[in-house]
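A.B. asks: Mapped onto our numbering, the consecutive letters of the sequence shown carry residue numbers 338 to 478.
Note that CB positions come from ideal geometry on N, CA and C, so glycine has one too.
A single structure is presented below for examination.
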Amino acid sequence: MFALVFLIFNYKIITRYIGHEEAVWADEVSVILFIWIIFWVSAFLIREQEQINFDLFYRWFDDRGKRVIAIVRHLLVGGLVIWSLPGSLDYILFLWRERTPVLDLRLDYIYACFGIFLIAVAIRSITSLFILCTPYWRSRI
C-alpha cells in the first residue's frame, strides 16, 4: 500500500508540473490508502512489543510488578475500546450516507478499517489478559 501511495503521489506531481493537469483524485486516493495503512498495520502487523510506550517507571519493577501493570494497562485500553466499540461501529455504519467529494466513494467503506482496528485491539487485549492470568504470563512481559 505504501508503494501505491508513493506511485500515486509521484503521478500527481508529474501530471501537475509536467503535464499541467490536475489529478484531483490522487489526493483522495492517497488519503484513503494512508488511513487504511495506519489502522491495518496497527491492528494486524505491529506487535505489542513494537508499540511506542512510556516505560520510565515500568522498567523499575520486577516481573510481577510488570505483570500487574500489564494487566491494568490491558484492562484500561481494552475496556475503553470495548466501551467505545458500539458507538464507533454505529457511526461508521451511519457514514453510508456520506461520500467523498471527488470519487464519490461511501465513507463507511473508507472508515471500516477503524472498526476492524477497534475489534482487533479488543481481541488483543482480551487475549493478553487471558495469557497474563495463566502460568505462561512471562511471555507477555
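Would the region 356-363 count as touching the region 382-397 if we require 3 or more Cβ pairs under 8 Å?
C.D. replies: Contact fails: fewer than three Cβ-Cβ distances are below 8 Å.
A.B. asks: Starting from the C-beta of glutamate 435, find all residues in its chain whose C-beta is less than 6 Å away, skip the five residues before and the five after it, and write them out in chain order.
C.D. replies: Mapped onto the sequence shown, residue 435 falls at position 98. These residues qualify, in order along the chain: Leu444.
A.B. asks: Check whether the Cβ atoms of cysteine 450 and phenylalanine 376 lie closer than 8 Å to each other.
C.D. replies: The residue given as residue 450 occupies position 113 in the sequence shown. The residue given as residue 376 occupies position 39 in the sequence shown. Their beta carbons are under 8 Å apart, which means cysteine 450 touches phenylalanine 376 by this criterion.
A.B. asks: For arginine 480, which of helix, strand or coil comes out of DSSP?
C.D. replies: The structure shown does not extend to residue 480, since the chain spans only 338 to 478, so no value can be given for it.
A.B. asks: Check for me: the alpha helix (DSSP H) holding arginine 410 runs from which residue to which?
C.D. replies: Locating residue 410 in the sequence shown gives position 73, counting from the first residue. It spans 400-431 - the alpha helix (DSSP H) in which arginine 410 sits, taken as one unbroken run.
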